[in-house]
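Read the structure below first, then the notes.
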Amino acid sequence: MVNKSKLFEGKAKIIFEGNQPNTLIQHFKDDATAFNNKKKGKILGKGKINNLISEFLMKKISELKIKTHFIKRINMREQMIRKLDIIPLEVVIRNIATGSIVKRLGVNEGEKFKEPIIEFYLKNDQLNDPIVSQEHIEVFEWASQDELKKIISISKKINNYLLDFFLMRNIKLIDFKLEFGRSFENKKEIMVADEISPDNCRLWDLKTNKKLDKDRFRLDLGDVEESYQEIANRLGILSSKKTKREY
Ligand code: TMP
Ligand code: ASP
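Numbering (this note's numbering), first residue to last: 202 to 448.
See below:
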């Protein structure tokens with residue numbers, strides 16, 4: 202962490218200037234927040250685990266010929282990423298009802314949707330990341346119609362892949378959030394940004410439905426660190442109980 206200029210500090214990550222043109226360094230913290238920063242805490246070892254899980258999943262996704270911002274992992278907490286023009290949307294893909302959709306629409310918790318549902322939220326903490334329609338996105342020019350088409354198609358492709366990928370590891374992918382950005386080299390190119398980890402996915406054990414993601418922190422369910430570790434173990438990334446002391 203020497204001689205790096207900090208560009209931005211978010212709730213779970215810090216972004217530093219990269220040492221090559223159009224690159225950044227993404228540093229994963231142990232800090233966790235929920236409910237738009239109302240609940241704050243730390244999940245010991247989370248930064249390291251999410252760095253590794255996100256590296257692993259971004260690499261898998263790029264095998265599907267989907268472009269991502271990931272370039273390479275630098276160390277246990279940091280990765281080099283492409284600098285993108287970030288599209289100010291959180292794209293949520295839902296397979297099973299839980300979380301905010303249950304409260305908003307009164308659907309039954311645990312209900313499987315006949316098709317995955319894609320929702321868009323505006324990335325704006327002051328407004329509490331409100332849900333927005335495709336018309337809002339086009340009229341306010343957060344993304345063009347063509348970009349939205351690409352975002353929807355990439356999101357569906359990632360969901361299809363990850364559903365099976367997690368299922369083979371006895372995990373149900375309930376829902377997850379993606380972010381996207383435009384490449385500075387080719388403005389027409391949309392890439393997956395941010396991270397894919399238990400911070401922004403809901404992952405339930407196939408048999409018991411035990412939540413193995415950030416909901417354990419959000420809802421004070423206990424076993425928070427252990428659940429992140431469990432996901433890393435099932436992905437074959439870390440052998441058990443290693444992260445806290447050895448890295
Ligand atoms: P939600 O049910 O609370 O709307 O969350 C949907 C998905 O999006 C879930 O996998 C958690 C993820 N998510 C984030 O990554 N960041 C957020 O700020 C929120 C609210 C949800
Ligand atoms: N992004 C949320 C927050 O503002 C965290 C979450 O619920 O995932 O704290």
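Just so it is clear, CB atoms sit at the ideal spot from N, CA and C, and this is done for glycine as well.
Small disclaimer: the values here were computed from a predicted structure and weren't measured.
Comparing alpha-carbon positions, which option in the options lies nearest residue i?
{"i": "V292", "options": "F341, F257, K315 and K351", "result": "K351"}
{"i": "R295", "options": "R419, R417 and C402", "result": "C402"}
{"i": "I375", "options": "P317, R435, T224 and L285", "result": "P317"}
{"i": "E264", "options": "I355, T299 and I432", "result": "I355"}
{"i": "G382", "options": "T409, Q327, L404 and I267", "result": "I267"}
{"i": "F385", "options": "I288, R417 and K315", "result": "I288"}
{"i": "Q227", "options": "K378, A433, L379 and S255", "result": "S255"}
{"i": "M369", "options": "K408, K241 and K240", "result": "K408"}
Could you compute how far the alpha carbon of residue i sits from the alpha carbon of residue j?
{"i": "S206", "j": "E312", "result": "46 Å"}
{"i": "Y448", "j": "I216", "result": "Unreliable placement is indicated for Y448, whose pLDDT of 45 sits below 50; no coordinate value is reported for it."}
{"i": "H270", "j": "D395", "result": "8 Å"}
{"i": "G437", "j": "V308", "result": "35 Å"}
{"i": "D406", "j": "N251", "result": "18 Å"}
{"i": "P243", "j": "F236", "result": "Note that residue 243 is Lys in the sequence shown here, rather than Pro. K243 and F236: Cα-Cα distance of roughly 15 Å."}
{"i": "N371", "j": "N204", "result": "43 Å"}
{"i": "I359", "j": "Q346", "result": "20 Å"}
{"i": "K324", "j": "L290", "result": "5 Å"}
{"i": "N387", "j": "P222", "result": "14 Å"}
{"i": "E279", "j": "K273", "result": "9 Å"}
{"i": "M277", "j": "D424", "result": "22 Å"}
Decide if residue i is buried, meaning its Cβ has at least 16 other Cβ atoms within 10 Å, or exposed.
{"i": "R446", "result": "For R446, the predicted model reports a pLDDT of 47, less than 50, meaning its position is unreliable; a value from the coordinates is still stated below. Its Cβ having fewer than 16 others within 10 Å, R446 is exposed."}
{"i": "S428", "result": "buried"}
{"i": "D414", "result": "buried"}
{"i": "K304", "result": "exposed"}
{"i": "G211", "result": "exposed"}
{"i": "V393", "result": "buried"}
{"i": "K315", "result": "exposed"}
With a threshold of 6 Å on Cβ separation, who are the neighbours of residue i within its own chain once the five nearest residues in sequence on each side are excluded?
{"i": "L253", "result": "I438"}
{"i": "L225", "result": "I216, G219, I282 and K284"}
{"i": "E431", "result": "L413"}
{"i": "V333", "result": "F321 and L323"}
{"i": "S440", "result": "none"}
Once the 5 residues before and after residue i are set aside, which same chain residues still bring their CB inside 7 Å of it?
{"i": "I302", "result": "R295 and V308"}
{"i": "K247", "result": "D231, A233 and Y429"}
Residue i: beta carbon under 6 Å from a heavy atom of the ligand FAD?
{"i": "T234", "result": "Summarising the ligand content, the structure contains the ligand TMP and the ligand ASP and does not contain the ligand FAD."}
Whole runs of the beta strand (DSSP E) within the segment 351 to 375, excluding any shorter than 3 residues: none
Whole alpha helix (DSSP H) elements within the segment 270 to 347, 4-residue minimum: 301 to 306 and 335 to 340
Ranges of the beta strand (DSSP E) found wholly within the segment 387 to 446, counting only runs of at least 3: 391 to 394 and 402 to 406
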